[in-house]
RNA sequence: GGCGCGGUGGCGGAGAGGCUACGCAGCGGAUUGCAAAUCCGUGUACACCAGUUCGAAUCUGGUCCGCGCCUCCA
């Protein structure tokens, strides 16, 4: 069985054939760091982390390179910095750090490189120069603009032609644009705005340019896989293609894969809608693995209506798996799991494959498969008993359990039940078994 | 208006012409001093209307509804 991916570019499921199996490149569009990441931001990270893990498994970890950018210069960061009276680098560094922490809590492997826009300026200047030389870009009133009509097959990723894009579109056309569809590569900064000096005057880059440059710098002119959210198909990815292919004259990315949007009661989750749950807040109520599993419980391309009940459900599933694998060493990763994932990252099918192994005889395979998916990575004791900050301590629980065992031995069940009820009210659940009494923290 | 995606049981969610996944919840039972956990059993589904077919959730046409993108977006 080989990996098959739904390619946005061809609108088909296609067998994945790397350019060079010893050197596979994958790029995932990363965050603009102006606020805490919400759970919708985490969906591509977790989904494509699964792809990264699968590619490492199939081709060898040392032969796969994952690059994800950090956009650390942007008008939203500038706005935030102005509001808080801080330097933009201070805001960007803080949220960049919190982003890495949050994604690590969701068990996403760190990318091999996380380039920042501010570190990629020389490459941006060079690409703009090339584009101007080749007649694909021009300077106007301090801006550098990409001239869309200069590219014959612009729009093939999103299925729009530039005419169609403009028909009924809600854009105000800046007077310095030669064509309404032209987009900004570089824009001027006023004196009170952050800016960088360069060949086109003091200013800052447009949104799309950094990705084109980072990909060329870290992965090459043609890459295997470019991934990101469905909402980036147009204009962001379309414009990346335009910049890169016009500058380099070779195809940009062979496989484009896009994740569907997370929703909140039927509406897309987004900061501008204000209907978000931050990863940071959710982590106060749920373990990272439960959030990860929730994101993996639906296929990455499907919309997923997010709510906390879903996470609680997946938490219970993990509870069951942790019980089953508590004393078990992981075996080989089961082939049924790999087969399911190779079918366009079909994680729900993969989870069903794990459920088929969720019995005592095959617990070792369950553990291996779950580990492969970034699950069951803690110890069972840690999972069930890990202490919250202000909660009852483990040795206190053990002391009360011992008292209760004495009471039960002497037939004083009402005292035994009092102890248990008391613990329950503190969020501790007791489990009597043939071998003794265990405990865990309630959800 | 243009481009695209989708509607599956109480809920989540795969599948894609005949074998009706899987999980959560529910119900019945076992076990337990009582619980918890576990185990066994169990019901309910393919938005609507036509058509193709021996046979349609699955293919075709139409209808309805929902969602995304159309220069802030994961």
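Numbering (our numbering), first residue to last: 164 to 606. Every residue, glycine too, gets a C-beta built ideally from N, C-alpha and C.
Inter-residue Cα distance where the pair is residue i and residue j
i, j, result
"residue 469", "residue 461", "11 angstroms"
"residue 595", "residue 546", "18 angstroms"
"residue 376", "residue 235", "15 angstroms"
"residue 331", "residue 515", "Bear in mind that the predicted position of residue 331 carries a pLDDT of just 46, short of 50, making it unreliable; the figure below should be weighed with that in mind. Looking at the two C-alpha atoms, the distance is approximately 45 angstroms."
"residue 380", "residue 293", "15 angstroms"
"residue 447", "residue 280", "31 angstroms"
"residue 142", "residue 449", "Residue 142 lies beyond the residue range present for the chain, which begins at 164 and ends at 606; the question has no answer from this structure."
"residue 189", "residue 248", "37 angstroms"
"residue 604", "residue 268", "20 angstroms"
"residue 318", "residue 485", "48 angstroms"
"residue 503", "residue 252", "43 angstroms"
"residue 311", "residue 410", "13 angstroms"
"residue 509", "residue 304", "49 angstroms"
"residue 467", "residue 476", "15 angstroms"
"residue 586", "residue 556", "11 angstroms"
"residue 548", "residue 600", "14 angstroms"
"residue 481", "residue 182", "38 angstroms"
"residue 553", "residue 194", "Residue confidence is low: residue 553 scores 49 on pLDDT, short of 50, so the model does not pin down where it sits. No coordinate-derived value is stated."
"residue 536", "residue 307", "44 angstroms"
"residue 342", "residue 314", "12 angstroms"
"residue 297", "residue 517", "54 angstroms"
"residue 256", "residue 174", "38 angstroms"
"residue 272", "residue 219", "11 angstroms"
"residue 399", "residue 500", "34 angstroms"
"residue 184", "residue 383", "15 angstroms"
"residue 254", "residue 465", "33 angstroms"
"residue 478", "residue 456", "8 angstroms"
"residue 579", "residue 561", "14 angstroms"
"residue 564", "residue 444", "33 angstroms"
"residue 283", "residue 262", "20 angstroms"
"residue 210", "residue 575", "53 angstroms"
"residue 179", "residue 223", "15 angstroms"
"residue 291", "residue 348", "7 angstroms"
The beta strand (DSSP E) enclosing residue i, as first and last residue numbers
i, result
"residue 418", "416-422"
"residue 177", "175-178"
"residue 591", "591-596"
"residue 364", "Run containing residue 364: none; DSSP gives neither H nor E here."
CB-CB length for residue i against residue j, believed under 8 angstroms
i, j, result
"residue 387", "residue 418", "6 angstroms"
"residue 172", "residue 540", "35 angstroms between Cβ atoms; not a contact."
"residue 300", "residue 288", "Actually they are not in contact, since the Cβ atoms of residue 300 and residue 288 sit about 12 angstroms apart, beyond 8 angstroms."
"residue 187", "residue 228", "7 angstroms"
"residue 424", "residue 392", "7 angstroms"
"residue 497", "residue 451", "The pair is not a contact, with the Cβ atoms about 23 angstroms apart (cut-off 8 angstroms)."
"residue 196", "residue 506", "About 34 angstroms separates the two Cβ atoms, so there is no contact after all."
"residue 206", "residue 422", "5 angstroms"
"residue 278", "residue 232", "6 angstroms"
"residue 198", "residue 258", "6 angstroms"
"residue 363", "residue 403", "So it is not a contact: roughly 20 angstroms between Cβ atoms."
"residue 407", "residue 378", "7 angstroms"
First through last residue of the alpha helix (DSSP H) which encompasses residue i
i, result
"residue 503", "498-505"
"residue 224", "Residue 224 -> no alpha helix (DSSP H), and no H or E assigned at all."
"residue 290", "284-296"
"residue 356", "Note, residue 356: premise wrong, no alpha helix (DSSP H); not H, not E."
"residue 381", "372-381"
"residue 535", "526-535"
"residue 510", "510-518"
"residue 587", "576-588"
"residue 341", "That residue, residue 341, is in no alpha helix (DSSP H); it is neither H nor E in DSSP."
"residue 570", "557-572"
"residue 473", "471-488"
"residue 457", "451-459"
"residue 446", "442-448"
Decide if the region 476-496 is in contact with the region 431-439; the criterion is three or more beta carbon pairs, one per stretch, under 8 angstroms apart.
-> no
On the three-pair Cβ rule with 8 angstroms, is the region 231-245 touching the region 403-421?
-> no
Quick one: any contact between the region 435-443 and the region 197-205, if contact means 3 or more CB pairs under 8 angstroms?
-> yes
Which residue spans inside the region 383-440 form an unbroken beta strand (DSSP E) run of at least 3?
-> 386-392, 416-422 and 425-427
Minimum length 3: unbroken beta strand (DSSP E) runs contained in the region 224-286 | 227-231
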